[in-house]
Amino acid sequence: MDTVCERIGVTENCIEEGFQNQVLRKGCENLGFEVDIVPRNSSEKHYCGSCGYGCKKGEKKGTDSTWLVDAVDHGAVILTGCKAEKFVLETGKSESKRKKKCLEVMAKALSNIITKRLQIEAKVTVSACGALLTPHLMLSSGLKNKNIGRNLHLHPVLMAWGYFPDLNLEFKGKNYEDGIITSVHKVVSADSKAKAIIETPTLGLGTFSALCPWEFGEDIKNRMLKFSRTVHLISIIRDWGSRVVTKGGRVSYEFSTLNRENMKEGLR
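Here the sequence shown is numbered in the numbering used here, starting from 251 and rising by one per residue.
This is the structure:
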């Protein structure tokens, strides 16, 4: 972890917090709650407002300026605009512990210009399609292990927001100007177990308009006009349930009782 943090330039201090994080920190302090600083892969002065969509200033040491660059410098070839469809498998030899061996990956180009299918041969193949798409790729390839797609944990979130007029000089800036997350509060139980964490998300105007409950036309218009000084806070819980992803990427998911209680506690 020390090696990774050094490579991506992690810093633990923040010279200037954004509007949303100011509100979160001040609110916690007013209520006597602990609020922690969030280490981030950028300088102490970082304040761009575009981290969630790509850092315009190039200060955020993401994969585009670190690990992918390292890989290309060492001979890697990166294919973009294509989708893996299945592994081509070979039945292993009888003395081998593995029943099947992956020889290559079949993929298709997500472009109208390129019509040929892609066939990528490799000695080693790593499937890193996330918790939802990796099981789909494995099942589509004919793998039969009963654990594929099981033990799915998601990222349940509830949101609350509040409007702080420009006349409120205690908090400066707009909700889209900061470095996203610099403060976090952990909601804990009497036995010090974490129930939820409170953070500030990146939330563009379009996303906010889709998430905001609809009352009537004039109400949503006023909410949109107040967007830049509206603070968005999210309550995130640890998912104690265990769900399943089936072939085709279909998800079977229901909230557990503990999840429901922790989400309520975090929102409260």
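Glycine residues also receive a C-beta, built at the ideal position from the N, C-alpha and C atoms.
Query raised in the report: By DSSP, does Y297 sit in helix, in strand, or in coil?
Result: coil
Exercise. Just tell me which of E309, L360, G325 has its CA closest to the CA of K333.
Key: L360
query = So, is L387 buried or exposed, given that buried needs 16 or more other C-beta atoms within 10 angstroms?
reply = buried
| field | One or two residues paired with I486 in a DSSP bridge | value | V407, I447
What's the C-alpha gap between V501 and K422? 42 angstroms
Contact defined as beta carbons within less than 8 angstroms: I believe V407 pairs with I484. What is the distance between those atoms, to the nearest angstrom? 5 angstroms
Can you tell me which residues form a DSSP beta bridge with I287?
S433
Notebook entry, point to check: With burial defined as no fewer than 16 other Cβ atoms inside 10 Å of the residue's Cβ, what is the status of D428: buried or exposed?
Noted result: buried
Do you know how far the Cα of G467 is from the Cα of V319?
48 angstroms
Practice task
State the Cα-Cα distance for the pair T330 and P451, rounded to the nearest angstrom.
Solution key: 28 angstroms
Residues in its own chain within less than 6 angstroms of V338 by CB, not counting five upstream and five downstream?
L353, E354
Original post:
From the DSSP output, which residues share a beta bridge with K231?
Top reply: There is simply no residue 231 to check, as the chain begins at 251 and stops at 518 in what is shown.
*Would you mind working out which of G491, K497, T313 sits nearest N512, comparing C-alpha positions?*
G491
- request: State buried or exposed for A440, treating a residue as buried only when at least 16 other CB atoms are found within 10 Å of its CB.
  value: exposed
Buried or exposed: L419, going by 16 or more other Cβ atoms within 10 Å of its Cβ? exposed
> Can you give the beta carbon distance from I448 to L274, rounded, assuming they're within the 8 angstroms contact cut?
Replying inline: 7 angstroms
* Asked: To the nearest whole angstrom, what separates the beta carbons of R493 and L417, a pair I think is in contact under 8 angstroms?
  -> Not really, about 47 angstroms apart at Cβ, beyond 8 angstroms.
Problem - Residues near N509 by beta carbon distance below 7 angstroms, same chain, minus five either side - result: P406, I487, D489, W490, G491
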